Amino acid sequence: MDKSHVINPETAAQKSNRLNRDKNVTQYSCSVSSKALDYVGFAKQAYLTDPLNEYQRKMRKSVPSDHLQNYTIHQLSQKYTEQLCNIPLRAGANYKNIPKNLLTKFLQQALDNPRNGGQDELRGRYGRQSVKQGFKVVTTKLNISSVGWILHPYLHRTYSARESARAQGFPDSFTWDMDNTKMTDIHKQIGNAVPIPLARALGNELWKVLQDKSRARREVNHDGEMVDREEVKLSSTTSSK
């Protein structure tokens with residue numbers, strides 16, 4: 001069953017856009033499969049293109065068999081699927097652009113309250129960023145109603161596990177076994193991680209400090225030994241006189 005338009009029927013414009021996307025974008029069923037997988041997408045697939053930028057090249061380095069893994073999103077309920085498919089495919093779209101009857105009571109009340117119009121803490125709910133923007137935040141839970149701006153810039157889905165991992169600097173060679181790992185656990189690990197480029201930068205600077213301290217300690221010890229030798233030499237000269 002199609003879960004994207006159960007409460008609100010698909011409009012003519014939505015149908016036209018969907019059919020146009022079908023020509024270029026692979027579509028996946030959102031229905032729960034018989035295997036009860038908690039994800040949608042391919043656990044392993046070939047890269048569609050060569051690296052398009054330096055960051056992609058670094059992320060793909062040392063990937064065995066030149067295959068991309070964990071390009072998957074969490075299996076959503078009917079309610080979340082319909083909400084997601086009713087968010088416009090444009091940068092800055094958020095809960096304010098969803099038909100009101102699909103929103104939670106809390107957000108319906110927020111829309112009715114004029115004082116909530118400018119509240120930044122609500123703007124990221126069901127938020128879609130521009131393809132030119134960086135990630136605002138990487139969270140441990142990919143709940144589309146959270147304030148994390150977690151919707152893909154131009155597709156009706158959330159960010160995949162691989163996209164979130166890349167945002168934290170995980171190389172593509174770091175993978176998760178989809179048969180034995182839940183999507184919730186994958187995103188929890190990604191969200192709780194210190195971004196790898198940041199960890200590397202901090203580690204390099206700490207290493208430099210430790211090296212400088214070690215070098216200074218050796219120089220102090222060396223100077224002390226030189227002083228001791230001079231004192232011994234002076235003492236020997238005095239005794240001979």
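Residue numbers are given in UniProt numbering: position 200 of the sequence shown equals residue 200, and the series is strictly consecutive. No residue lacks a Cβ here, since even glycine has one placed at the ideal position from N, Cα and C. As the structure is a prediction and not an experimental result, all values here were calculated from the model.
If distances are taken between C-alpha atoms only, which option among the options comes closest to residue i?
i, options, result
"glycine 92", "Val147, Glu163, Thr49, Pro195", "Val147"
"methionine 178", "Glu10, Asn53, Pro51, Gln69", "Gln69"
"alanine 167", "Arg57, Gly134, Ile87, His156", "Gly134"
"glycine 127", "Ser160, Lys100, Leu89", "Leu89"
"alanine 161", "Asn180, Tyr154, Val138, Asn113", "Val138"
"threonine 175", "Asn53, Ala216, Arg60, Val6", "Arg60"
"asparagine 180", "Ala12, Ala43, Ser16", "Ala43"
Using a threshold of 8 Å, state whether the C-beta atoms of residue i and residue j are closer than that.
i, j, result
"leucine 102", "arginine 125", "no"
"glutamine 45", "histidine 67", "yes"
"glutamine 83", "isoleucine 144", "yes"
"leucine 76", "lysine 96", "no"
"serine 164", "isoleucine 196", "no"
"aspartate 22", "lysine 182", "no"
"asparagine 72", "serine 4", "A small correction: the amino acid at residue 72 is threonine; asparagine does not occupy that position in the sequence shown. No; because the gap between Cβ atoms is not below 8 Å, this pair is not in contact."
By Cβ distance below 6 Å, which residues in the same chain neighbour residue i in space, the five residues on each side in sequence not counted?
i, result
"serine 62", "Ser173"
"isoleucine 150", "Leu142, Thr158, Tyr159"
"isoleucine 186", "Ala161, Trp176"
"proline 171", "Met59"
"arginine 213", "Before going further, note that residue 213 is lysine rather than arginine in the sequence given. Around lysine 213: no qualifying Cβ."
"serine 34", "For serine 34, the predicted structure reports a pLDDT of 44, less than 50, and the residue's modelled location is therefore unreliable. The matter cannot be settled from this model."
So, for residue i: in the same chain, excluding its five sequence neighbours on each side, which residues have a beta-carbon less than 8 Å away from its beta-carbon?
i, result
"residue 256", "Missing from the structure shown is residue 256; the chain here goes from 1 to 241 and no further."
"proline 99", "Asn8, Asn86"
"lysine 105", "none"
"valine 6", "Gln78, Glu82"
"tyrosine 47", "Arg60, Asp66, His67, Leu68"
Between residue i and residue j, how many whole angstroms is the CB-CB distance? I'm expecting something under 8 Å.
i, j, result
"glycine 41", "tyrosine 28", "6 Å"
"valine 25", "leucine 155", "7 Å"
"arginine 57", "proline 64", "No, arginine 57 and proline 64 are not in contact; Cβ-Cβ is about 16 Å, not under 8 Å."
Beta-carbon of residue i versus every beta-carbon of chain B: anything under 8 Å?
i, result
"phenylalanine 174", "Absent from the structure is chain B; it holds one protein chain and no more."
Taking 7 Å as the limit between beta carbons, can you name the residues of its chain near residue i, skipping five residues before and five after?
i, result
"lysine 188", "Thr140"
"lysine 15", "none"
The ligand ZN and residue i: does any heavy atom of the ligand fall closer than 7 Å to the residue's C-beta?
i, result
"tyrosine 159", "Among the ligands in the structure shown, none appear at all, so the ligand ZN cannot be discussed."
Scan the stretch 106-161 and note each continuous alpha helix (DSSP H) run of 4 residues or more that stays entirely inside, going in chain order. Entirely contained in the stretch 106-161, the alpha helix (DSSP H) runs reaching 4 residues are, in chain order, 120-123.
Starting from the N-terminal side, write out each stretch of the alpha helix (DSSP H) that is 4 residues or longer and does not extend beyond the stretch 81-106. Entirely contained in the stretch 81-106, not one alpha helix (DSSP H) run reaches 4 residues.
At which residue ranges does the stretch 32-60 contain complete alpha helix (DSSP H) runs of 4 or more residues, listed in the order of the chain? Note on the stretch 32-60: whole alpha helix (DSSP H) runs with a minimum of 4 residues are 54-60, in chain order.
Where are the alpha helix (DSSP H) runs, 4 residues long or more, that stay fully inside the stretch 164-221, in chain order? If we require 4 residues or more, the alpha helix (DSSP H) runs fully inside the stretch 164-221 come out as 183-192.
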